[in-house]
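S.K.: As they're listed, the protein sequences go chains A and B. Under the working numbering, read the first sequence as residues 1013 to 1356, first letter to last. Under the working numbering, read the second sequence as residues 1013 to 1356, first letter to last.
There are 2 protein chains.
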Amino acid sequence: VLREVAGAVVGREPDTIALITHPRLLAWYGRPVVDALASAGLKATVVTVPPGERSKSLASAGRVLAELASGGFTRGGVILALGGGVIGDLAGFAAAVYHRGARFMQIPTTLLAQVDASVGGKVGVDLKAGKNLVGAFLQPLAVFADTETLATLPRRHLRNGVAEALKHGFILRAGFVDRLLQSRRRVEARDASVLAELVAESVEMKAQVVAEDERDLSGSRARLNFGHTVGHAIEAALGYRKLLHGEAVSIGMVAEARVASRLGLCPRHVPEVVERALEEYSLPVTLPPDLGPEQLVRLMRADKKTEGGKLSMALPREVGSAELVKGLEPDVVRQVLREMSRHA
Amino acid sequence: VLREVAGAVVGREPDTIALITHPRLLAWYGRPVVDALASAGLKATVVTVPPGERSKSLASAGRVLAELASGGFTRGGVILALGGGVIGDLAGFAAAVYHRGARFMQIPTTLLAQVDASVGGKVGVDLKAGKNLVGAFLQPLAVFADTETLATLPRRHLRNGVAEALKHGFILRAGFVDRLLQSRRRVEARDASVLAELVAESVEMKAQVVAEDERDLSGSRARLNFGHTVGHAIEAALGYRKLLHGEAVSIGMVAEARVASRLGLCPRHVPEVVERALEEYSLPVTLPPDLGPEQLVRLMRADKKTEGGKLSMALPREVGSAELVKGLEPDVVRQVLREMSRHA
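Spelled out as structure tokens, the structure:
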């Protein structure tokens, strides 16, 4: 897939090109793309940022934008975002605001970014007050997900992506959950063709939801937040350390499926199926020891989606179906979380 | 007009409100608005920034965004931008990217912002590499131009706004130029009703051009850049000091009208009418002594709108009509600028 990037870029007839990536990814995957573009007569402005969530800041965006300007990048140009979710969000935001809007393409190199983050057009950076508080909606011209780049991805990061892929199955298509479980060994062995099928189906599901509600207004897109109300609170409580995003969402999905079941919004087997599937992939399903239910509920209430002390969650109705539920009493959530800490 | 702001805000049913302004404007005009909102049960988060172009930076936007977050401002909220062009551009940019897009209203307090900057939805901040290099398109929900706020505006800043108003006449409506010249004394005496008519007609003309080509793609909106190719180069050469924006544009309009006349694109009387009208308002029509034609042409070539060493300009065809012309030879521009420095 990476070999197709240069051709696709040339086809868009950009005035200028920029590649935004991490230093190591530049050496591994970026150089061949830059060289192929050079052969086609297009010189790319290369901008590298350090790996890690700290690069997803306004300060970092400012440095990227300044390097784009000094490299002569134009508003008619195309930015290539080569990396995981941080690079995609940062480079996409830079594209959204450079000269009031350039274009970009995603080349995601983690499973999480391939199945989820690179699709949907949400781009942005963090503030100290919270993640993704600054940003824009900008659809990439194209997404090039090459599952061969996953060969070097640590197993824990592979499972991190599986968590979001399973989520798409839980909320949209029960059969996809089954397929993921049946092909677990080949996924964990990084079989490129099995991974390619997994990524393709996951992206197709997410793209359909996004197409229905691009700007996140009707509640349809909000279904993608299954596991994220609790998951975000866990991440914030841990200072975005210790757990990866997909791991926090994994615990969050178990918690939220139990909330749904307790409220009678879904049958009892739903939280069981969710939990078993995540455990099959060795994803965490219990609260980390130091996190108290009180602290988590407080963080959920401070979240941008809260209204009047009540909570909002995307809750399952069945395996393969979900809906946004507003006005949830914190008490039910508190009880479920208490139960999940005792199990830990 | 200021008395109508609170009611208009309440009518939009925002979750939260923020007011972004300078400390002095907060005391003069902001407090009554904040108090009126408080009476209606809406508490505004007030964010102040120092006056001056330096506040139009990404660092400044970052501070504003952090204060919005800590003040509990929400994506369903409305930002009020109270001030001149810097405040409008900065607050509008903050609105465009906060939680991927909040809404805003403009309350321009300079003539330049009332006749020009507050209309059209171009918002953004500067980079060290150049002005307005980072930004977005976001139309304000409403613009409240109260000409009574101009009572405290220094005369030089009043004329600064007249330059852009005259520009609208030069490119769109010759009769408006005549009306501005006939009412010069009352404009300079800050007659609020004459100013209100001037602002209303100027805004109506600009809004029509913007509606035709909101994203600046067809060349129609680019007509608003009359005087700005040369004007921006003059501002950059002076390090954005000494001349106000409208003053640099005034010199730029004389230069560009002469370029058009020399190329046979407009009759000879056009540059004469342009120059005489600007002089009537004591606006500068000759190059500042230290600026060389060579330096200015170099800066124009480095501008984001250049293609292959040739220049683009919005040039008059008649008084009241203009068009975007691309591929201009720098030589003609150099000759005109040389002539204008000898006159100085």
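Where is the CB? At the ideal position from N, CA and C, for every residue including glycine.
(1) Assuming A:V1211 contacts A:A1157 under a Cβ cut-off of 8 Å, what Cβ separation, rounded to an integer in Å, is found between them?
(2) Under 7 Å Cβ-Cβ, which residues of chain A neighbour B:S1205?
(3) Could you confirm whether any beta carbon from chain B is found closer than 7 Å to the beta carbon of A:G1074?
(4) Just the C-alpha distance for B:F1238 and B:R1202, rounded to the nearest angstrom, thanks.
(5) How many Å lie between A:T1028 and B:S1072 at the Cα?
(6) For the putative contact between A:L1336 and A:S1324, defined by C-beta atoms under 8 Å, what is the C-beta separation to the nearest angstrom?
(7) Can the beta-carbon of A:D1128 be found closer than 7 Å to that of A:K1068?
(8) Short of 6 Å in beta carbon distance, which residues of its chain neighbour A:G1181, apart from the five on each side in sequence? Order them along the chain.
(9) Which residues does DSSP pair with B:L1336 in a beta bridge?
(10) Could you say which of A:A1186, A:R1233, A:A1234 lies nearest to A:E1213 if we only look at CA atoms?
(11) Looking at chain B, is there any beta carbon in it that lies within less than 7 Å of the beta carbon of A:R1310?
(12) Measuring straight from C-alpha to C-alpha, what distance separates B:G1205 and B:E1341?
(13) Using a C-beta cutoff of 7 Å, does B:A1030 count as contacting chain A?
(14) By how many angstroms is the C-alpha of B:L1327 removed from the C-alpha of A:K1338?
(15) Taking just the CA atoms, how far does B:G1064 sit from B:D1047?
(16) So which residues of chain A does B:V1221 contact, with C-beta pairs closer than 7 Å?
(17) Can you give the Cα-Cα distance for B:P1035 and A:D1302, rounded to whole angstroms?
(18) Indicate the three-state DSSP secondary structure (helix, strand or coil) for B:G1100 in the structure shown.
(19) Just list the beta strand (DSSP E) runs in the region 1030-1101 of chain A, keeping only unbroken ones of 3 residues or longer that don't cross its boundaries, in chain order.
(20) So with Cβ pairs under 7 Å, would you call B:G1088 a contact of chain A?
(21) Under a three-way DSSP split, which group does B:L1145 fall into?
(22) Measuring only between beta-carbons, confirm whether B:V1242 sits less than 7 Å from chain A.
(23) What is the residue span of the beta strand (DSSP E) that B:L1139 lies within?
(24) Taking Cβ positions, are A:F1105 and A:G1136 nearer each other than 7 Å?
(25) I think B:A1260 touches B:E1268, with their Cβ atoms under 8 Å apart; what is that distance to the nearest whole Å?
(26) Is B:R1233 helix, strand or coil by DSSP?
(27) Using the Cβ count rule (16 or more neighbours within 10 Å means buried), how would you classify B:T1060?
(28) What first and last residue would you give for the beta strand (DSSP E) that runs through A:Q1118?
(29) Tell me whether A:V1155 sits in a helix, a strand or coil according to DSSP, three-state version.
(30) My understanding is that B:L1077 touches A:V1221, with C-beta atoms under 8 Å, so please give their C-beta distance in whole angstroms.
(31) If the cut-off is 7 Å on Cβ atoms, which residues from the region 1142-1173 of chain A count as contacting chain B, listed in chain order?
(32) Taking DSSP's pairing of strands, which residues face B:Y1110 in a bridge?
(33) Taking all protein chains shown into account, decide if A:H1358 is buried (16 or more other Cβ within 10 angstroms of its Cβ) or exposed.
(34) Mind reading off the beta-carbon distance from A:L1092 to A:V1045? Whole number of angstroms is fine, and I expect it under 8 Å.
(35) For A:V1058, decide whether its Cβ has a neighbour in chain B, counting only Cβ atoms nearer than 7 Å.
(36) When you compare only the Cα positions, how much space is there between B:T1270 and B:N1172?
M.R.: The answer reads as follows:
(1) Yes, they are in contact, since the Cβ atoms of A:V1211 and A:A1157 sit about 5 Å apart, within 8 Å.
(2) Against chain A, a Cβ distance below 7 Å from B:S1205 picks out nothing, because the smallest value is about 36 Å.
(3) Put simply, the CB of A:G1074 is near chain B, with a gap under 7 Å to one of its CB atoms.
(4) So the two alpha carbons sit approximately 26 Å from each other.
(5) Computed Cα separation, rounded: 29 Å.
(6) In this structure, A:L1336 and A:S1324 form a Cβ contact; the two beta carbons are roughly 7 Å apart against a cut-off of 8 Å.
(7) Between A:D1128 and A:K1068, the CB-CB gap reaches or exceeds 7 Å.
(8) Close CB contacts of A:G1181 within its chain, under the 6 Å cut and outside five residues either way in sequence, are with F1188, V1189 (chain order).
(9) Assignment of beta-bridge partners to B:L1336 by DSSP yields B:A1326.
(10) Comparing C-alpha distances from A:E1213 to each of A:A1186, A:R1233, A:A1234 shows the shortest one belongs to A:A1186.
(11) So no, A:R1310 is outside the interface.
(12) In the sequence as displayed, the identity of residue 1205 of chain B is Ser instead of Gly. Using only the alpha carbons, I get a separation of about 45 Å.
(13) It does not; no Cβ of chain A falls within 7 Å.
(14) Their Cα atoms are separated by approximately 56 Å.
(15) Rounded to whole angstroms, the separation of the alpha carbons of B:G1064 and B:D1047 is 26 Å.
(16) The contacting residues do not exist; B:V1221 stays about 17 Å from chain A at best.
(17) Straight-line Cα distance between these residues: approximately 45 Å.
(18) B:G1100 sits in a helix when the DSSP states are folded into three classes.
(19) If we require 3 residues or more, the beta strand (DSSP E) runs fully inside the region 1030-1101 of chain A come out as 1056-1060, 1090-1095.
(20) Not flagged as an interface residue toward chain A: B:G1088, since no C-beta distance is shorter than 7 Å.
(21) In this structure, B:L1145 counts as strand in the three-state DSSP scheme.
(22) Not closer than 7 Å to any Cβ of chain A, the Cβ of B:V1242 fails to qualify, so no.
(23) Run containing B:L1139: 1134-1139, per the beta strand (DSSP E) assignment.
(24) Yes, the pair counts as a contact, with Cβ atoms nearer than the cut-off.
(25) Not confirmed; about 12 Å, so no contact.
(26) B:R1233: helix per DSSP, three-state reduction.
(27) Of the other Cβ atoms in all chains shown, 16 or more fall within 10 Å of the Cβ of B:T1060; this residue is therefore buried.
(28) From DSSP, the beta strand (DSSP E) with A:Q1118 extends over 1115-1120.
(29) In the displayed model, A:V1155 falls within a strand according to three-state DSSP.
(30) The Cβ separation is near 28 Å, so there is no contact.
(31) For the region 1142-1173 of chain A, which is checked against every Cβ of chain B, the residues closer than 7 Å are G1142, L1145, V1146, G1147, A1148, F1149.
(32) For B:Y1110, the pairing in a beta bridge is given by DSSP as A:V1146.
(33) In this structure chain A extends from 1013 to 1356, so residue 1358 of chain A is not present and cannot be described.
(34) Indeed, because the Cβ distance is near 7 Å, the residues count as touching under 8 Å.
(35) Judged by the 7 Å Cβ criterion, A:V1058 is not in contact with chain B.
(36) Residue identity check: residue 1270 of chain B is Arg in the sequence provided, not Thr. So the alpha carbons of these two residues sit roughly 21 Å apart.
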